[in-house]
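Student: Anchor point for the sequence shown: position 38 equals 60 in my numbering, and the numbering is continuous, going up by one each time.
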Amino acid sequence: MRQLALYGKGGIGKSTVASHLSCTFAERGLKVLQVGCSPKNDSTYLLLPDFPPTILDVLRKNDFMYDDLEPSDIITESPLQFPGNGKIYCAESGGPEPGVGCGGKGVVEAIDTIKKLNILKALAIDVVIYDILGDVVCGGFSLPIRQGFAQETYVVTSGEFEALYQVTNVSKAIKRFEARSGSKLGGLIVNLRRVKNELRMVTDFAAKIGTQIVGVIPYSQTVKQCGGDGETVFQCAPDSDEARLYREIGQKVFDNEDLVIPNTIEFEELYEWWLPYIN
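This is how it looks when you write it as C-alpha cells:
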C-alpha cells in the first residue's frame, strides 16, 4: 500500500490535483482513499455529489467513543465508475469552529480514527492520498510526515513567494523527521500563476532543493469551469489537453522512485534568491 501526502499553501489548487490523482489511480483498478486534512470539508468535492460528514463532527456526536462507529460513518464512496475494481473512498477530517481550538487536531483525530477502525485493511485500500492544508508549523498538519504515514510527499506550488516558502517548510519537516519516519519528498507539482519568469524560476528552485518537477499545470479555464460544476476534467472534458496532462502527472507519480531528503532554505535566503526573477 502506498501513502502519499500532498501539501501546498491555501488556494494553490492541491485539492484539485489530489482529486485528479485519485482518479488516475482508480483508473488503474486500484482502491484509493482520499483524506482531506483541513478544517474545511471540501477536499473531495470533485468526487462526491455532496459534502460528506467530517470525522471530527462524527466523533463529537459520539462523545469521541469508537465502539459504535462503523467505517461507513466516516467514509463515503465516490459514485464515479472506474475499470475493474477501481474505487475512490473519501474522508474529511474537519476541525474546530473558527477561533476555537487547533485546526491540526482534526488531522490527528482523523488519522487515529482511520487506524482504530482498521479502515485501510477493511476496504483493501491500495493508495492513500492525504490532502493537507497550508503550512506545517502546526504539529497536527505535519503528522503524516512526522509519524511516517506518508512515505511520499508532494508539494503543489507556483512561482509565488508564499508558495515556494511553503515548500521550504515542508522540506524542513521532512529533514527534521527523516530518521524517525522515513518520509521523503517525491517532487513538486507546479500550478502556474502567470508570475514573471515562473517556469524558469520553479525549475531552478527544484534543482536548488534537490528534487524534481513531477508536472507543470498551465492556467486553465477548462479546469476552472469543471471545478465550478463539481467535476474533474475526466468527467466534464474527457478528451481535453487538461485530462491528458493530469493522466501524465498521475503516471509520473505512479512510477516515481526518485524520493529524496531535500535541501532546506531559510526565509531570507529564499527571498533574496526569488527577487531577481520577478524584477
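Heads up, the beta-carbon is just placed ideally off N, CA and C, and yes, glycines get one too.
How is A265 classed by DSSP in three states: helix, strand or coil?
Tutor: It is helical.
Student: Of all the options I136, R82, S180 and T225, which has the alpha carbon lying nearest to the alpha carbon of S94?
Tutor: Checking every option, the nearest Cα to that of S94 belongs to I136.
Student: Can you give me the C-alpha to C-alpha distance between L81 and E253, rounded to a whole angstrom?
Tutor: Cα to Cα, L81 sits roughly 29 Å from E253.
Student: Is the stretch 32 to 47 in contact with the stretch 209 to 223, if contact means three or more CB pairs nearer than 8 Å?
Tutor: Taking 8 Å as the limit for Cβ pairs, the verdict is that the stretch 209 to 223 does touch the stretch 32 to 47.
Student: In the DSSP output, which residue or residues are listed as bridge partners for Y111?
Tutor: The partner list for Y111 (beta bridge, DSSP) reads L55 and E99.
Student: So I300 and K218 are in contact, right, with Cβ under 8 Å, and what is the actual spacing, rounded?
Tutor: Indeed they touch by this definition, with Cβ atoms about 5 Å apart.
Student: Could you tell me the alpha carbon to alpha carbon distance between A259 and Y268, rounded to whole angstroms?
Tutor: Cα to Cα, the separation comes out at about 12 Å.
Student: So, S115 versus L69, is the Cβ gap smaller than 8 Å?
Tutor: Not a contact, by the Cβ cut-off of 8 Å.
Student: Report the option in L281, S242, R24 and V192 whose CA atom is closest to the CA atom of S303.
Tutor: With the chain covering 23 to 301 only, the question about residue 303 has no answer from this structure.
Student: Which residue comes first and which comes last in the beta strand (DSSP E) that contains E49?
Tutor: No beta strand (DSSP E) contains E49, which DSSP labels as neither H nor E.
Student: Is it true that the stretch 174 to 187 meets the stretch 56 to 68, where meeting means three or more beta-carbon pairs spaced less than 8 Å apart?
Tutor: Taking 8 Å as the limit for Cβ pairs, the verdict is that the stretch 56 to 68 does not touch the stretch 174 to 187.
Student: For D85, does the three-state DSSP call read helix, strand or coil?
Tutor: D85 falls in the coil class under three-state DSSP.
Student: Have a look at D148, F183, Q188 and I147 and flag the residue whose alpha-carbon is nearest the alpha-carbon of S164.
Tutor: Comparing Cα-Cα distances from S164 to each of D148, F183, Q188 and I147, the minimum goes to Q188.
Student: Within 10 angstroms of the Cβ of D148, are there 16 or more other Cβ atoms? Answer buried if so, exposed if not.
Tutor: Buried, because 16 or more other Cβ atoms sit within 10 Å of the Cβ of D148.
Student: Whose C-alpha, out of F183, K138, Y111 and K246, is nearest the C-alpha of A146?
Tutor: It is Y111 whose Cα lies nearest to the Cα of A146.
Student: Rounding to the nearest angstrom, what Cα-Cα distance links P118 and I97 in this structure?
Tutor: Taking the straight line from one Cα to the other gives about 19 Å.
Student: Quick check on the DSSP output: the alpha helix (DSSP H) that includes T286 runs from which residue to which?
Tutor: That residue, T286, is in no alpha helix (DSSP H); it is neither H nor E in DSSP.
Student: Starting from N219 and walking both ways along the beta strand (DSSP E), at which residues does that stretch end?
Tutor: Segment: none, N219 is in no beta strand (DSSP E) and carries neither H nor E.
Student: Return the chain-ordered ranges of every beta strand (DSSP E) run that is complete within the stretch 127 to 171 and spans a minimum of 3 residues.
Tutor: Those beta strand (DSSP E) runs which fall completely within the stretch 127 to 171 and span 3+ residues are 149 to 154.
Student: Straight-line CA distance for L43 to I271?
Tutor: Going from the Cα of L43 to the Cα of I271 covers about 8 Å.
Student: Using alpha carbons as the reference points, say which of P166, D153 and L281 lies closest to G208.
Tutor: Among P166, D153 and L281, the Cα nearest to that of G208 is on L281.
Student: Label F138 either buried or exposed according to how many other C-beta atoms from any shown protein chain fall within 10 Å of its C-beta, with 16 as the threshold for buried.
Tutor: Looking at the sequence provided, one finds Lys at residue 138 rather than Phe. Exposed, by the Cβ-count rule.
Student: For V236 and A228, I'd like the C-alpha separation in whole angstroms.
Tutor: Cα-Cα distance, rounded: 10 Å.
Student: Would you mind reading off the limits of the alpha helix (DSSP H) that contains I235?
Tutor: Run containing I235: none in the alpha helix (DSSP H); it sits in the beta strand (DSSP E), I235 to I239.
Student: Assign M23 to buried or exposed, taking buried as 16 or more other Cβ atoms, counted over all protein chains shown, within 10 Å of its Cβ.
Tutor: M23 comes out exposed.
Student: Once you ignore the five residues that flank E184 on each side, which residues in its own chain have a CB closer than 8 Å to its CB?
Tutor: Excluding residues within five positions, the ones whose Cβ falls inside 8 Å are K31.
Student: Using the rule of at least 16 other Cβ atoms within 10 Å of the residue's Cβ for burial, across every protein chain shown, is Q25 buried or exposed?
Tutor: Buried is the call here.
Student: By DSSP, does I300 sit in helix, in strand, or in coil?
Tutor: It is helical.
Student: Taking the alpha-carbon of E49 as reference, which of K197, S193, R202 and A265 has the nearest alpha-carbon?
Tutor: Ranking the options by Cα distance to E49, first place goes to A265.
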